[in-house]
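I have placed the structure first, in the form of structure tokens, so that the comments after it can refer back to it.
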Amino acid sequence: SSRRRHTRSSVESRGLGDVYKRQVVEIPVNAYPTHRSYGRGWKCNRGYRVDGDTCTEIIVPENGYLAPDARDTGWRCDRGYQHSENSCVAIQVPEHGYLSEREYGPGWKCERGYRASEDACIAIVLPEHSYLVDPLYGKGWKCARGYKAVKDACEQVVLPENSYLDSNGDGWICGAGFRKRYDTCVAR
1405 SSRRRHTRSS VESRGLGDVY KRQVVEIPVN AYPTHRSYGR GWKCNRGYRV DGDTCTEIIV
1465 PENGYLAPDA RDTGWRCDRG YQHSENSCVA IQVPEHGYLS EREYGPGWKC ERGYRASEDA
1525 CIAIVLPEHS YLVDPLYGKG WKCARGYKAV KDACEQVVLP ENSYLDSNGD GWICGAGFRK
1585 RYDTCVAR
């Protein structure tokens, strides 16, 4: 019930010239006094949330549990379940996937060597001279040093005379005393 109980709490607050004034605070059912001079003067018990000047019970759905605080819904879903409106629904993990710890997104990630594509995990096809990287953004592979990505392949970087690989390893820079001109390095 949201009716007020007859409990009252008095809070002292410091005023001008160190004079104390007493304030009587009505404590609703399922709440406790905070004995503080700021705020409402009360907080809801665990399992309840503030609803105007009352405390309303938090209804936890099946496969859920009370959250450490009553913000938002006041509850979280068990591992393997995801929040959907006022319930916790089972996360459908695709083949080559596993449950993730994130409270947002699909609730699953793909195993190494696979990338998410809609509701599935598809194998990453590695071209020759490449290696796996996090597929969160991109194809899930990167060319080895000395190779550059061209469509779905890794082509060797052709170094002109008087050049060396750049820091990324997929391009080149002219050496000291030379400058780039088209596909060559010419003296300055």
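Numbers given in this note's numbering equal positions in the sequence shown, counted from 1, plus 1404.
Heads up, the beta-carbon is just placed ideally off N, CA and C, and yes, glycines get one too.
Exercise. With which residues is Lys1513 paired in a DSSP beta bridge?
Worked result: Tyr1502
Exercise. Under the rule that 16 or more other beta-carbon atoms within 10 Å means buried, what is Arg1592, buried or exposed?
Worked result: exposed
For this session: Within 10 angstroms of the Cβ of Lys1555, are there 16 or more other Cβ atoms? Answer buried if so, exposed if not.
Result: exposed
Problem set entry | Euclidean distance between Cα positions of Glu1522 and Cys1514 | 12 Å
Problem set entry | Whole-angstrom C-beta distance between Asn1449 and Ala1435, which should lie under 8 Å | 6 Å
Problem set entry | Counted within 10 angstroms of its Cβ, other Cβ atoms place Lys1584 as buried (16 or more) or exposed | exposed
Exercise. Who are the near neighbours of Ile1526 in its chain, counting only those whose CB is closer than 7 Å to its CB and skipping five residues on each side?
Worked result: Tyr1518 and Arg1519
For this session: My understanding is that Pro1437 touches Cys1459, with C-beta atoms under 8 Å, so please give their C-beta distance in whole angstroms.
Result: The pair is not a contact, with the Cβ atoms about 13 Å apart (cut-off 8 Å).
Problem set entry | Residues sharing a beta bridge with Glu1559, DSSP | Lys1552
Exercise. Rounded to whole angstroms, how far is the Cβ of Trp1446 from the Cβ of Val1429, which I believe are closer than 8 Å?
Worked result: 6 Å
Exercise. Exposed or buried, what is Tyr1485 when buried is set at 16 or more other beta-carbons lying within 10 Å of its beta-carbon?
Worked result: buried
Exercise. For the segment 1459-1489, which segments carrying the beta strand (DSSP E) assignment without a break, of at least 3 residues, lie completely within its bounds, in sequence order?
Worked result: 1468-1470, 1479-1481 and 1485-1488
Exercise. Would Trp1545 pass as a contact of Pro1531 if the rule is Cβ separation under 9 Å?
Worked result: yes
Exercise. Looking only at C-alpha atoms, which of Ser1567, Tyr1541 and Leu1540 sits nearest to Gly1550?
Worked result: Ser1567
Exercise. Distance, Cα to Cα, Glu1489 vs Ile1462?
Worked result: 14 Å
Exercise. From what residue to what residue does the beta strand (DSSP E) around Asp1455 run?
Worked result: Tyr1452 to Asp1455
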